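**Q** Before I ask anything, let me first share the structure, which is written out below as structure tokens.
2 protein chains.
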Amino acid sequence: MAGGVGSRFWPFSRNDRPKQFLDFFGTGRSLLQLTFDRFSQVVPVKNILVVTNHIYKDLILEQLPEISPDQVLLEPHRRNTAPCVAYAVSRIKALTDKANIIVAPSDHLIVKEGAFLDTLREGLEFIERNNVLLTLGIQPSRPETGYGYIQVAEGDGALRKVKTFTEKPNAELAQVFFETGEFYWNSGIFLWNLQAIDEAYRTLLPEMAHKFEEGRGKWNTPDEQKFVDEMYPACQNISIDYGIMEKASNVYVLCSDFGWTDLGTWGSLYEMSEKDEQRNVTLKCQAVYYDSENNVVALPEGKLVVVQGLDDYIVAESDNVLLICKKSDEQRIRQFVNDVNVMFEGEYN
Amino acid sequence: MAGGVGSRFWPFSRNDRPKQFLDFFGTGRSLLQLTFDRFSQVVPVKNILVVTNHIYKDLILEQLPEISPDQVLLEPHRRNTAPCVAYAVSRIKALTDKANIIVAPSDHLIVKEGAFLDTLREGLEFIERNNVLLTLGIQPSRPETGYGYIQVAEGDGALRKVKTFTEKPNAELAQVFFETGEFYWNSGIFLWNLQAIDEAYRTLLPEMAHKFEEGRGKWNTPDEQKFVDEMYPACQNISIDYGIMEKASNVYVLCSDFGWTDLGTWGSLYEMSEKDEQRNVTLKCQAVYYDSENNVVALPEGKLVVVQGLDDYIVAESDNVLLICKKSDEQRIRQFVNDVNVMFEGEYN
Numbered sequence: 029m030a031g032g033v034g035s036r037f038w039p040f041s042r043n044d045r046p047k048q049f050l051d052f053f054g055t056g057r058s059l060l061q062l063t064f065d066r067f068s069q070v071v072p073v074k075n076i077l078v079v080t081n082h083i084y085k086d087l088i089l090e091q092l093p094e095i096s097p098d099q100v101l102l103e104p105h106r107r108n109t110a111p112c113v114a115y116a117v118s119r120i121k122a123l124t125d126k127a128n129i130i131v132a133p134s135d136h137l138i139v140k141e142g143a144f145l146d147t148l149r150e151g152l153e154f155i156e157r158n159n160v161l162l163t164l165g166i167q168p169s170r171p172e173t174g175y176g177y178i179q180v181a182e183g184d185g186a187l188r189k190v191k192t193f194t195e196k197p198n199a200e201l202a203q204v205f206f207e208t209g210e211f212y213w214n215s216g217i218f219l220w221n222l223q224a225i226d227e228a229y230r231t232l233l234p235e236m237a238h239k240f241e242e243g244r245g246k247w248n249t250p251d252e253q254k255f256v257d258e259m260y261p262a263c264q265n266i267s268i269d270y271g272i273m274e275k276a277s278n279v280y281v282l283c284s285d286f287g288w289t290d291l292g293t294w295g296s297l298y299e300m301s302e303k304d305e306q307r308n309v310t311l312k313c314q315a316v317y318y319d320s321e322n323n324v325v326a327l328p329e330g331k332l333v334v335v336q337g338l339d340d341y342i343v344a345e346s347d348n349v350l351l352i353c354k355k356s357d358e359q360r361i362r363q364f365v366n367d368v369n370v371m372f373e374g375e376y377n
Numbered sequence: 029m030a031g032g033v034g035s036r037f038w039p040f041s042r043n044d045r046p047k048q049f050l051d052f053f054g055t056g057r058s059l060l061q062l063t064f065d066r067f068s069q070v071v072p073v074k075n076i077l078v079v080t081n082h083i084y085k086d087l088i089l090e091q092l093p094e095i096s097p098d099q100v101l102l103e104p105h106r107r108n109t110a111p112c113v114a115y116a117v118s119r120i121k122a123l124t125d126k127a128n129i130i131v132a133p134s135d136h137l138i139v140k141e142g143a144f145l146d147t148l149r150e151g152l153e154f155i156e157r158n159n160v161l162l163t164l165g166i167q168p169s170r171p172e173t174g175y176g177y178i179q180v181a182e183g184d185g186a187l188r189k190v191k192t193f194t195e196k197p198n199a200e201l202a203q204v205f206f207e208t209g210e211f212y213w214n215s216g217i218f219l220w221n222l223q224a225i226d227e228a229y230r231t232l233l234p235e236m237a238h239k240f241e242e243g244r245g246k247w248n249t250p251d252e253q254k255f256v257d258e259m260y261p262a263c264q265n266i267s268i269d270y271g272i273m274e275k276a277s278n279v280y281v282l283c284s285d286f287g288w289t290d291l292g293t294w295g296s297l298y299e300m301s302e303k304d305e306q307r308n309v310t311l312k313c314q315a316v317y318y319d320s321e322n323n324v325v326a327l328p329e330g331k332l333v334v335v336q337g338l339d340d341y342i343v344a345e346s347d348n349v350l351l352i353c354k355k356s357d358e359q360r361i362r363q364f365v366n367d368v369n370v371m372f373e374g375e376y377n
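Line order of the protein sequences matches chains A and B.
29 is the number of the first residue of the first sequence in my numbering; add one for each residue after it.
29 is the number of the first residue of the second sequence in my numbering; add one for each residue after it.
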């Protein structure tokens, strides 16, 4: 899934180049490319489908020259993750009646690749044998309020039945979740076989399932895009978490720990990153700090910044836009982007 | 005079491009060029001499294509303003025995050009008829502690005898100076005729005068540079203010008001500049402020900056270096530059 347009990392992320296309850490690979690198160790490259907004088609093909244009599924509108997954599942179903499927966002960061690949293999083995919906749960390392949580049923081993899903909790609740040991972060990475997910859509999102079934005979043909373009506007705008995972009765979680973050905010990027003695995080650039603590500074490579007298700030520059903002006020970035778009007519979008 | 290497405007000013060569306000002309533009309205261009450090020769000729290389006087070392003026005076004396001379820094900002030119003309008329040393005094607009002050003798009119010179006063004293109305800022712009300044050097800096007199026959010849290069290291490192103006008995001040600032610091640049309702100063770039007051923000043209939660800061970027620093701590910039030079071996000098 590579269709997000998140503005929370503005000015790094822009409409024409959202987060998944960015190389946050100066590694030379974007988050999308790193995601591809991980999955291509488990999944044959020809079996990888990228679902994205039509405006990112060229960017996808540029960043992933290993895949062919027919592996890129183009959504004409944003309709959240349930239609996105339904689209890919329809494609697969037209080719085969037996498949193991992994669904994953393309803009997450995973730092323990070996553990991740082991987890995937364990999960694949499980869903190959069982008609279940499996999600990867992450052992929490802190009482994070920015993630959804999964409560697992009692039991042994890493594979557990899901008891409840909880949206982002407040700080108090997050602390309780963290301490009980029964809760895992919801990574948004799912595994299931074709039959299980097909049944789930028919049962839980029957209207959407029906809409996609009307495309029978068109998938993987020149008529597919036209069909999708026409039916998408009428698709329900709903996430797969809300539409399927939270309602299904056969949901399992594979409890894992592979250094995961959804990099949803500057704050989570800060948390994930290596800090100096004054707990400043410097990304890509050179930074020299005086009387400054707890900042995250991300400027283009080759830049030097001297920071004096700042505590708990974001200093981020990309593509001719500099943002200086209190870390604790980062939820206002969306407002800044909107304001700036109005003021400068989209020039810095 | 265009030989300064000030680091107080770092990262705008660098060793290879100090303040006088910069276009602070995005007008398309550097401070040096603006100075040239002003004086060329009063002085024939062929009579303009630029004294600078030898490393800036090419930069001067590039920025001032109107002058020829023999109008650029190259100092081999930094020796403050007294040798600098003595060098130019020696050149002039070798050509003529009668001249009216204006000495001026090339890195000041003057915003009321008409008033300035009127002042120059009035001063020139006075020094043509009188063997005096005339300095332009600026009517103070605030109790500034960053400038030297001139106390004037009682009298009428703009031309007054000087009573005392005072170095940068503390805040209390500056307030007294400001309130009495007897004190003017010392602009460092001087007018005199050749005879007056020649006599002053012979009387007050006889050793220096003697050293330059040894160059007789070499000025304006191919031997000049070699002579200067050899004698300069032995020249006393002293300012013309301290060496001559504060000691001479025939010093006058022309009390003026032409919107002058020496732009010595970010603070003075801030004071001089137009402010928005939150008293933020934005130079060259586009800036959007939230919860931010009293800042000076100077980024390259075409850049956008969103500033949130900053009060009384300098945010300045030039040539791949960004500085964020409390305005009240700007005297530390010199230290930052030194540190950075050590850390990065002069890369960001």
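The C-beta atom is built at its ideal place from N, Cα and C for all residues, glycine as well.
Since we're looking at a predicted model, the values are computed, not measured.
Below 8 angstroms on the Cβ atoms is my contact criterion, and I expect D290(B) with S296(B) to pass it. Report the Cβ-Cβ distance as a whole number of Å.
**A** So it is a contact: roughly 7 angstroms between Cβ atoms.
**Q** Report the neighbours of N348(A) on chain B: residues whose CB is nearer than 8 angstroms to its CB, in chain order.
**A** Those are G330, K331, L332, listed as they occur along chain B.
**Q** Buried or exposed: T293(B), going by 16 or more other Cβ atoms within 10 Å of its Cβ?
**A** Buried: at least 16 other Cβ atoms inside 10 Å.
**Q** For my contact list, Q48(A) and L60(A) are in at a C-beta cut-off of 8 angstroms; report their separation, rounded to the angstrom.
**A** That pair is a contact at about 4 angstroms.
**Q** Between G185(B) and E150(B), what straight-line distance do the alpha-carbon atoms span, to the nearest angstrom?
**A** Distance between the alpha carbons of G185(B) and E150(B): 12 angstroms.
**Q** Can you check which of these residues, I76(A), I129(A), I138(A), is closest to V160(A) by C-alpha distance?
**A** Looking at the Cα atoms, I129(A) is the closest of the given residues.
**Q** I'd like the span of the beta strand (DSSP E) that includes Q61(A), first residue to last.
**A** Here Q61(A) belongs to no beta strand (DSSP E); instead the alpha helix (DSSP H) covers 59-67.
**Q** For I266(A), decide whether its Cβ has a neighbour in chain B, counting only Cβ atoms nearer than 9 angstroms.
**A** False, the Cβ-Cβ gap to chain B never drops below 9 angstroms.
**Q** With 9 angstroms as the threshold, decide whether the Cβ of F372(B) is near any Cβ in chain A.
**A** Yes, because at least one Cβ of chain A sits closer than 9 angstroms to the Cβ of F372(B).
**Q** Quick one: Cα of W38(A) to Cα of F193(A), how far?
**A** In a straight line, the C-alpha of W38(A) is about 30 angstroms away from that of F193(A).
**Q** Where does G183(B) fall in DSSP's three states?
**A** Here G183(B) sits in coil by DSSP.
**Q** Residues of chain B with CB closer than 7 angstroms to the CB of G337(A), please, in chain order.
**A** Within chain B, the residues near G337(A) are C353, K354, D357.
**Q** Would you give the residue range spanned by the alpha helix (DSSP H) that F255(A) belongs to?
**A** Counting along the chain, the alpha helix (DSSP H) containing F255(A) begins and ends at 252-259.
**Q** Using a Cβ cut-off of 9 angstroms, pull out every chain B residue sitting near Y270(A), in sequence order please.
**A** Near Y270(A) there are no residues of chain B at all, since even the closest Cβ is about 33 angstroms away, more than 9 angstroms.
**Q** Quick check on DSSP: helix, strand or coil for A276(B)?
**A** A276(B): coil per DSSP, three-state reduction.
**Q** Using a cut-off of 9 angstroms between C-beta atoms, extract the partners of Y318(B) located in chain E.
**A** The structure shown contains no chain E; its protein chains are A and B.
**Q** With a 10 Å radius around its C-beta and 16 neighbouring C-beta atoms as the bar for buried, classify F372(B) as buried or exposed.
**A** Label assigned to F372(B): exposed.
**Q** Please name the residue, chosen from G216(A), I217(A), T231(A), that lies closest to Q223(A) on a Cα-to-Cα basis.
**A** Looking at the Cα atoms, T231(A) is the closest of the given residues.
**Q** Give me, in chain order, the residues of the same chain whose beta-carbon lies closer than 6 angstroms to that of Q167(B); leave out the 5 immediate sequence neighbours on both sides.
**A** Cβ within range, chain order: D285.
**Q** For a contact meaning CB atoms closer than 7 angstroms, what does V343(B) contact in chain A?
**A** Correct list: I352.
**Q** Let me know the secondary structure DSSP gives T109(B) once reduced to three states.
**A** Three-state DSSP puts T109(B) in a helix.
**Q** Could you tell me the alpha carbon to alpha carbon distance between A114(A) and Y260(A), rounded to whole angstroms?
**A** Approximately 11 angstroms, taken between the alpha carbons.
**Q** Any idea what DSSP makes of R149(A), helix, strand or coil?
**A** Residue state, collapsed to three classes: helix.
**Q** Measure from the C-beta of Q306(B) to each C-beta in chain A and report whether the shortest distance is under 9 angstroms.
**A** Not an interface residue.
**Q** Measure from the alpha carbon of N214(A) to the alpha carbon of each residue in F255(A), L201(A), G174(A), F64(A), then state which is nearest.
**A** Ranking the options by Cα distance to N214(A), first place goes to G174(A).
**Q** Among the residues of its own chain, which have a CB less than 7 angstroms from the CB of R107(A), if the five just before and after it don't count?
**A** Correct list, in chain order: Y260, C263, N265.
**Q** Would you mind listing the alpha helix (DSSP H) stretches within the stretch 206-244 of chain B that are 4+ residues and don't spill past its ends, in chain order?
**A** Listed in chain order, they are 222-232, 234-241.
**Q** Find the residues of chain B that neighbour L327(A), judging by a C-beta separation of less than 7 angstroms, and give them in chain order.
**A** Per Cβ cutoff of 7 angstroms: L350.
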